[in-house]
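Peer 1: Residue numbers (our numbering), protein chains in the order written: chain A, -9 to 185; chain B, -9 to 185. Note that the Cβ used here is the ideal one computed from N, Cα and C, for glycine as well. Dumping the structure here so I can ask a few things about it.
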């Protein structure tokens, strides 16, 4: 397949859309972020990246905590809204009913089915970005989305979590169908013999 | 909605599944990675996180380059395979037809519709993870997936890129439908009056 170079384009896809929560000047504030992801599983390590001048950053730096909240597609209008206005200009504290975990300073959104309460373990800047790497202190899930298998609690399938995806075509997407199981699909693959 | 705490669980979702490429001992090697994401857009800043003992890391450290290749759902068996075997044990250099960009040392997979050629700008370790933050030197896209609008080339919609998603229910997923446009959907949201 012939390739075209598009210069230096940030085509990472899909991007999970989350609401990052922090207490800024003692009030909950929420920023819509797509620069968010996983860095480790055991123990859980995550990050968010945010423009240096973003209001949310002040609160994260002050408390060394933040939250990652996963909205559902139904919440798209308010999610998009939180990405278009700054907490400096608009008080976003009344947009959501919030709760707190053991860290006390990371506001979490009750309406989001999954919430990660995060403790910053590393912070660094590159260009005009500030990156916060954090351990997950506690994970909260709506009780209707928790399943118990072999005595162990875990989370239902992705489709029921109904997350918002984003891509750099500037569109939001829903998640599609399950297409396979991790560490099983390789059984359908027959590597070429090197001999 | 009552919440259940699941302890400290890394429920970031969905996760984009990519093949990270590096030349290790002068041969292309590819690792399936879900710990990958965006850290900045202008200029494009990305990262991958990989267990410290992973074979791929050797090549990234040596050359300070790597590639991010986005497979399609059709490639799932070989993608899953690359996540189950180490390059120490299996020579993965013959699995894909590769090409190189200006950096010369970041092998890219021709069959993947989008390839990012990456130059490491920061490396750090937390726990047993090694995290490589990189600038995108060049982005390659299959010519059939490039569109031109107002004289500017960009990429087609996400559905046509047909990426593989992963979630921590250990399932792979396809992407769903477009559900909205960035920075537009907030027009459907009417913030509560604070007065």
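1) Got a sec, what are the start and stop residues for the beta strand (DSSP E) residue 18 (chain A) sits in?
2) Alpha helix (DSSP H) containing residue 151 (chain A): first to last residue?
3) Give a yes or no on whether the minimum CB-CB distance between residue 121 (chain A) and chain B is below 7 angstroms.
4) Would DSSP call residue 109 (chain B) helix, strand or coil?
5) For residue 142 (chain B), list the residues DSSP reports as bridge partners.
6) In whole angstroms, what separates the C-alpha of residue 145 (chain B) from that of residue 33 (chain B)?
7) So, do the region 109 to 122 of chain A and the region 68 to 88 of chain A have three or more beta carbon pairs nearer to each other than 8 angstroms?
8) My understanding is that residue 40 (chain A) touches residue 117 (chain A), with C-beta atoms under 8 angstroms, so please give their C-beta distance in whole angstroms.
9) With 7 angstroms set as the bound, which would you pick, yes or no: does the beta-carbon of residue 29 (chain A) sit closer than that to a beta-carbon of chain B?
10) Report the three-state DSSP secondary structure of residue 171 (chain A) (helix, strand or coil).
11) Run through DSSP, which three-state label would residue 117 (chain A) get?
12) Here's a check: name, in chain order, each residue in its chain whose Cβ is nearer than 6 angstroms to the Cβ of residue 129 (chain A), leaving out the five neighbours to either side.
13) Between residue 153 (chain B) and chain A, is there a C-beta pair that is closer than 7 angstroms?
14) Would you list the one or two residues that DSSP bridges to residue 98 (chain B)?
15) At least one CB of chain B closer than 7 angstroms to the CB of residue 7 (chain A): is that the case?
16) DSSP three-state call for residue 177 (chain B): helix, strand or coil?
17) Between the region 161 to 175 of chain A and the region 88 to 101 of chain A, are three or more C-beta pairs nearer than 8 angstroms?
18) Kindly give me the distance between the Cβ atoms of residue -1 (chain A) and residue 36 (chain B), rounded to whole angstroms, as I take these residues to be in contact under 8 angstroms.
19) Which residues in chain A sit within 8 angstroms of residue 159 (chain B), going by Cβ to Cβ distance?
20) Using DSSP bridges, identify the partner residues of residue 156 (chain B).
21) Could you check the C-alpha separation between residue 76 (chain A) and residue 104 (chain A) for me, to the nearest Å?
22) With a threshold of 7 angstroms between beta-carbons, can residue 79 (chain A) be considered close to chain B, or not?
23) How is residue 62 (chain A) classed by DSSP in three states: helix, strand or coil?
24) Can you find a C-beta in chain A that's less than 7 angstroms from the C-beta of residue 173 (chain B)?
25) Measure the alpha-carbon distance for residue -6 (chain A) versus residue 148 (chain B) and round it to whole angstroms.
26) In the region 14 to 28 of chain A, which residues sit with their C-beta less than 9 angstroms from some C-beta in chain B, listed in chain order?
27) Exposed or buried, what is residue 44 (chain B) when buried is set at 16 or more other beta-carbons lying within 10 Å of its beta-carbon?
28) Within 7 angstroms (strictly less), CB to CB, does residue 66 (chain A) reach chain B?
29) Just verifying my parser: in three-state terms, what is the DSSP assignment at residue 35 (chain A)?
30) Can a CB atom of chain A be found closer than 7 angstroms to the CB of residue 97 (chain B)?
31) Let's test the definition: count the other Cβ atoms within 10 Å of the Cβ of residue 79 (chain A) and tell me whether it reaches 16, buried, or not, exposed.
32) Please identify, using Cβ separations under 8 angstroms, the residues of the region 121 to 138 of chain B that lie next to chain A, in order along the chain.
Peer 2: Looking at the coordinates:
1) Reading the first chain from its first residue, position 28 is the one you call residue 18 (chain A). Looking at the DSSP string, the run of the beta strand (DSSP E) that includes residue 18 (chain A) is 17 to 23.
2) Here residue 151 (chain A) refers to the residue found at position 161 when the first chain is read from its first residue. Run containing residue 151 (chain A): 148 to 151, per the alpha helix (DSSP H) assignment.
3) Translated into the one-based positions of the first chain, residue 121 (chain A) becomes position 131. For residue 121 (chain A), the answer is yes, since a Cβ of chain B falls inside 7 angstroms of its Cβ.
4) Locating residue 109 (chain B) in the second chain gives position 119, where the first residue counts as 1. The DSSP-derived three-state label of residue 109 (chain B) is strand.
5) Locating residue 142 (chain B) in the second chain gives position 152, where the first residue counts as 1. Note: residue 142 (chain B) sits in a beta bridge opposite B:139.
6) Here residue 145 (chain B) corresponds to residue number 155 of the second chain, with the count starting at 1. Here residue 33 (chain B) corresponds to residue number 43 of the second chain, with the count starting at 1. Going from the Cα of residue 145 (chain B) to the Cα of residue 33 (chain B) covers about 17 angstroms.
7) No, they do not touch.
8) On the first chain, position 50 is the one that residue 40 (chain A) refers to. On the first chain, position 127 is the one that residue 117 (chain A) refers to. Not quite, the Cβ-Cβ distance comes to about 12 angstroms (not below 8 angstroms), so this is no contact.
9) Counting from one through the first chain, the residue named residue 29 (chain A) turns up at place 39. Interface criterion met: the Cβ of residue 29 (chain A) is under 7 angstroms from a Cβ in chain B.
10) For the purposes of this step, residue 171 (chain A) is identified with residue 181 of the first chain, where counting begins at 1. DSSP places residue 171 (chain A) in strand when its eight states are reduced to three.
11) Against the first chain, residue 117 (chain A) aligns to sequence position 127. Three-state DSSP puts residue 117 (chain A) in coil, outside helix and strand.
12) The sequence position of residue 129 (chain A) within the first chain is 139, counting from 1. Excluding sequence neighbours, residue 129 (chain A) sits near 106.
13) Translated into the one-based positions of the second chain, residue 153 (chain B) becomes position 163. It does: the Cβ of residue 153 (chain B) has a partner Cβ on chain A nearer than 7 angstroms.
14) Stepping through the second chain from its first residue, residue 98 (chain B) is reached at position 108. According to DSSP, which records beta bridges pairwise, residue 98 (chain B) is partnered with B:89.
15) As a first step, residue 7 (chain A) must be located in the first chain, where it is residue number 17. Chain B contact via Cβ: absent.
16) Within the second chain, the letter at position 187 stands for residue 177 (chain B). Looking at residue 177 (chain B) - three-state DSSP - the assignment turns out to be helix.
17) Taking 8 angstroms as the limit for Cβ pairs, the verdict is that the region 88 to 101 of chain A does not touch the region 161 to 175 of chain A.
18) By 1-based counting over the first chain, the position of residue -1 (chain A) is 9. By 1-based counting over the second chain, the position of residue 36 (chain B) is 46. Contact flag wrong, Cβ pair sits at about 11 angstroms.
19) Translated into positions along the second chain, residue 159 (chain B) becomes position 169. Within chain A, the residues near residue 159 (chain B) are 144, 145, 146, 147 and 148.
20) Residue numbering aside, residue 156 (chain B) sits at position 166 when the second chain is read from its first letter. BP columns for residue 156 (chain B) point to B:5 and B:162.
21) Mapped onto the first chain, residue 76 (chain A) falls at position 86. Mapped onto the first chain, residue 104 (chain A) falls at position 114. Near 24 angstroms, if we compare the C-alpha coordinates of residue 104 (chain A) and residue 76 (chain A).
22) Taking the first residue of the first chain as 1, we reach residue 79 (chain A) at position 89. Not an interface residue.
23) If you number the first chain from 1, residue 62 (chain A) lands on position 72. The three-state reading of DSSP puts residue 62 (chain A) in strand, counting E and B together.
24) Counting from one through the second chain, the residue named residue 173 (chain B) turns up at place 183. Yes, because at least one Cβ of chain A sits closer than 7 angstroms to the Cβ of residue 173 (chain B).
25) As a first step, residue -6 (chain A) must be located in the first chain, where it is residue number 4. As a first step, residue 148 (chain B) must be located in the second chain, where it is residue number 158. Across the structure, residue -6 (chain A) and residue 148 (chain B) are spaced so that their CA atoms are roughly 17 angstroms apart.
26) Flagged, chain order: 24, 25, 26, 27 and 28.
27) For the purposes of this step, residue 44 (chain B) is taken as residue 54 along the second chain, with counting starting at 1. Looking at its Cβ environment, which holds 16 or more other Cβ atoms inside 10 Å, residue 44 (chain B) is buried.
28) The sequence position of residue 66 (chain A) within the first chain is 76, counting from 1. Interface residue (Cβ-Cβ distance to chain B less than 7 angstroms): residue 66 (chain A) is classified as such.
29) Taking the first residue of the first chain as 1, we reach residue 35 (chain A) at position 45. Strand, per DSSP.
30) On the second chain, residue 97 (chain B) is found 107 positions in, with the first residue counted as 1. For residue 97 (chain B), no CB of chain A lies under 7 angstroms from its own CB, so it is not counted at the interface with that chain.
31) As a working mapping, residue 79 (chain A) is identified with position 89 in the first chain. By the 10 Å Cβ count, residue 79 (chain A) comes out exposed.
32) Answer set for the region 121 to 138 of chain B: 121, 123, 125, 126, 127, 128, 129, 130, 131, 132, 133, 134 and 136.
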